[in-house]
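Novice: Sharing a structure, written as structure tokens. Questions coming.
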Amino acid sequence: MNIFILEDDFVQQAHLEKIIKEIRVQYNLHFKTVETFAKPVQLLESIYE
1 MNIFILEDDF
11 VQQAHLEKII
21 KEIRVQYNLH
31 FKTVETFAKP
41 VQLLESIYE
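Take the UniProt record's numbering: the final residue in the sequence shown is number 49, and no numbers are missing along the way.
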């Protein structure tokens, strides 16, 4: 599973990444990637690669 975060506030980005990592450990989930982007274009480029 890939997780993509689109958030332009860097503080919120870090907070979301932290929460996702905590949930990952708590429930022993396996993610292929967790990627964070500030701009929609960056997200779309990553998805289409």
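Every residue, glycine too, gets a C-beta built ideally from N, C-alpha and C.
All of these numbers come straight from a predicted model, not from anything done at the bench.
1. Name, in chain order, the residues that DSSP records as bridge partners for residue 7.
2. Give me the residue from 8, 2 and 38 with the minimum Cα distance to residue 21.
3. Where does the unbroken beta strand (DSSP E) through residue 45 begin, and where does it stop?
4. Starting from residue 31, trace the beta strand (DSSP E) in both directions and tell me its first and last residue.
Specialist: Quick look at the numbers:
1. Partner(s): none; residue 7 has no beta bridge.
2. 2
3. Unbroken run through residue 45 is the alpha helix (DSSP H), 40 to 48; no beta strand (DSSP E).
4. No beta strand (DSSP E) holds residue 31; DSSP gives it neither H nor E.
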